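Numbering (full-length UniProt numbering), first residue to last: 1 to 279.
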């Protein structure tokens, strides 16, 4: 990001991150999840001139999308924002969506709004349940990604599509480079094949399908990377593979390292360990 001429300084140097985001409209999926919340807070605090954050949110557990976003902004994570800029919520616009529905169930009016102004997409939404039934994991991690890519291709001012993957997408390999590996199966063929199968049949064949991957989470995240790669010639795409998500060191506030240790033991017990290369 920030490679266009308009983002360069007068001397040809690259703009700072805060300068780059000034005036930009950002679309974020998964904003009410752990990673998404941190991203929203960081953008608002470190890039105060960002124009608008559009958050794709679905109603859940009897709460409307507005209520979910309102509750999110009340959490401790946003304490510094409330002190520095009590009106920060005015930069946040929730957009109703449902990741398992065609076209993400976004209204035509919202599609028009997003396609006319969004500059950057952060796709953080995913199911992180390691034991998610394969069909549902495919819907959330692969098919929803496909639909978001279709929406992105309609956007007139899009500069970057950032997909949040996981360092464990290829955990069946001993050494992982910064490349997209061939998929274990063609995603479309798998989706088409499973569509007509009973859930009980899919459950029975899941171990054979995922092969040497430990769970449906890592399997479908690998498939999602392949879906992303297919669109790389049409969009400016970046894939981020975070490792274990732990506690914060200093900002927005320090969190006990006990959290990191607990998350480490939980994550390695399900996903194993891996060696990362820098390509």
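Yeah, the Cβ is synthetic: ideal placement off N, Cα and C, and Gly gets one too. These numbers were taken from a predicted model, which means no experiment stands behind them.
Exercise. Start and end of the alpha helix (DSSP H) containing residue 217?
Worked result: 216–230
Exercise. Thinking just about the alpha-carbon of each residue, which of 93, 168, 87, 153 is nearest to the one in residue 236?
Worked result: 153
Problem set entry | Extent of the continuous alpha helix (DSSP H) run through residue 52 | That residue, residue 52, is in no alpha helix (DSSP H); its beta strand (DSSP E) goes 52–57.
Exercise. Hey, how far is the Cα of residue 40 from the Cα of residue 228?
Worked result: 23 Å
For this session: Determine the burial state of residue 132: buried for a count of at least 16 other Cβ atoms within 10 Å of its Cβ, exposed for fewer.
Result: buried
Problem set entry | Segment limits, beta strand (DSSP E) that includes residue 362 | In this structure the chain extends from 1 to 279, so residue 362 is not present and cannot be described.
Exercise. Sorted by chain position, which residues of the same chain lie with C-beta nearer than 7 Å to residue 361's C-beta, five sequence neighbours on each side aside?
Worked result: Any property of residue 361 remains undetermined from this structure, which presents the chain solely from 1 to 279.
Problem set entry | Cα-Cα separation, residue 143 to residue 100 | 8 Å
For this session: Would you tell me roughly how many angstroms separate the C-alpha atoms of residue 181 and residue 226, rounded to the nearest one?
Result: 8 Å
For this session: Under 6 Å Cβ to Cβ from residue 206, same chain only, skipping five residues before and after it: list those, please.
Result: 134
Exercise. Which residue or residues does DSSP assign as beta-bridge partners of residue 287?
Worked result: Since the first and last residues shown for the chain are 1 and 279, residue 287 lies out of range.
For this session: Tell me residue 25's beta-bridge partners as DSSP assigns them.
Result: 52
Exercise. In terms of DSSP beta bridges, what is residue 128 paired with?
Worked result: Residue 128 is not bridged to any residue.
Exercise. Alpha carbon to alpha carbon, how far is residue 87 from residue 201?
Worked result: 52 Å
For this session: Just mark residue 160 as buried or exposed, buried being the case when its beta carbon has 16 or more other beta carbons within 10 Å.
Result: buried
For this session: Express the C-alpha separation of residue 59 and residue 147 in angstroms, rounding to a whole number.
Result: 19 Å
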